[in-house]
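Here's the structure, in structure tokens; my notes come after.
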Amino acid sequence: MKKVFSITSLITAVALMFLVISNPFSASAKDTKHYTGKEIFAGIFFVQGEFAKELNKDVDVNGIEGVNKAENKIIYAELIKQMDKLDSSYFEDLEKAVYNKDYIKTDELFTKGGKLLNESVEKLNASKIDNNAIDNVQGVAVFPAISVAFTTAAAVAQLAVAVSYVVETGVAVHHAVKFWAPQENDGTKLSKEKFLTNVVKVATE
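1320 is the number that the numbering used here gives to position 183 of the sequence shown; each next residue is one higher, with no gaps.
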């Protein structure tokens, strides 16, 4: 009888341990969101999704002109799809680099992503825009938010204009505009390092 009781107690103890470990509301459980490479890229380059909101908690990203326009979201999705066609491993590589906290690799992949984005724009013929519209985007005022520049002009509401700016300058749409440009200065490099640190922190903590 004592042996039966011991076995029963052991089974009960194991069952309780399993419930505690698997219970999502237990004290030891950590409710963390795992972002895909596509979500990370879209959050940084297009200010889209939960990653963008977490990355910019002090900024109302929904208030940025054009971010939530339905037609823009469609083009964002098409650009991501085209990038995936050009390099099917890119977004997976980006995700791994971020979660491995490999800052150098992450930086390299964002640079590569900017080039893939430009190629995708050209593939989708989204770069054909009036030069006057391009000038309007280049001349807009910017304000810093977590070491990145947001464009605030109404012209950016038209994604074709913003995308054309990408093609002309080799940098990203909306977010992190100055970080992956062909030319950098020391101040930009320092800001980029801070930005990359924050990207990894948001994804992994």
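Backbone N, C-alpha and C fix where the C-beta goes; we use that ideal spot for every residue, glycine too.
Range of the contiguous alpha helix (DSSP H) that encloses residue i
i: Glu1259; result: Tyr1240 to Lys1260
i: Phe1228; result: Tyr1227 to Tyr1236
i: Lys1190; result: Gly1186 to Leu1192
i: Glu1342; result: Unbroken run through Glu1342: none, as it is neither H nor E.
i: Phe1182; result: Gly1174 to Phe1182
Of the listed residues the options, nearest to residue i (C-alpha basis)
i: Glu1245; options: Tyr1213, Thr1173 and Phe1228; result: Phe1228
i: Lys1338; options: Lys1249, Glu1191 and Gln1219; result: Glu1191
i: Gly1250; options: Leu1231, Asn1335 and Tyr1236; result: Leu1231
i: Lys1175; options: Thr1334, Glu1215 and Thr1169; result: Glu1215
i: Thr1248; options: Ile1181, Glu1187, Lys1170 and Asn1335; result: Ile1181
i: Val1336; options: Glu1259, Lys1326 and Lys1238; result: Lys1238
i: Glu1330; options: Ala1189, Lys1242 and Lys1260; result: Lys1242
Integer-rounded CB distance, given that residue j should sit under 8 Å from residue i
i: Ala1340; j: Ile1177; result: 6 Å
i: Tyr1240; j: Leu1333; result: 5 Å
Residues near residue i in its chain [Cβ-Cβ closer than 7 Å; skip 5 each side]
i: Leu1223; result: Leu1253, Glu1256 and Ser1257
i: Tyr1213; result: Ala1179, Phe1183 and Gln1185
i: Lys1167; result: Any answer about Lys1167 is weak, because its pLDDT of 48 lies below 50 and its placement is not dependable; what the coordinates show is given next. Cβ neighbours of Lys1167 beyond the five flanking positions: none.
i: Glu1342; result: none
Cut-off 6 Å between Cβ atoms - residues of its own chain near residue i, not counting five sequence neighbours on either side
i: Ile1158; result: Any reading at Ile1158 must be qualified, since the residue scores a pLDDT of 46, below 50, and its modelled position is unreliable; no value is offered.
i: Met1220; result: Leu1253 and Ser1257
i: Lys1260; result: Gln1219
i: Phe1188; result: Tyr1172, Glu1176, Ile1177 and Gly1180
i: Ala1234; result: Lys1242, Thr1243 and Leu1246
i: Lys1170; result: none
Residues near residue i by beta carbon distance below 8 Å, same chain, minus five either side
i: Ser1225; result: none
i: Thr1173; result: Phe1228 and Glu1232
i: Lys1210; result: Gln1185
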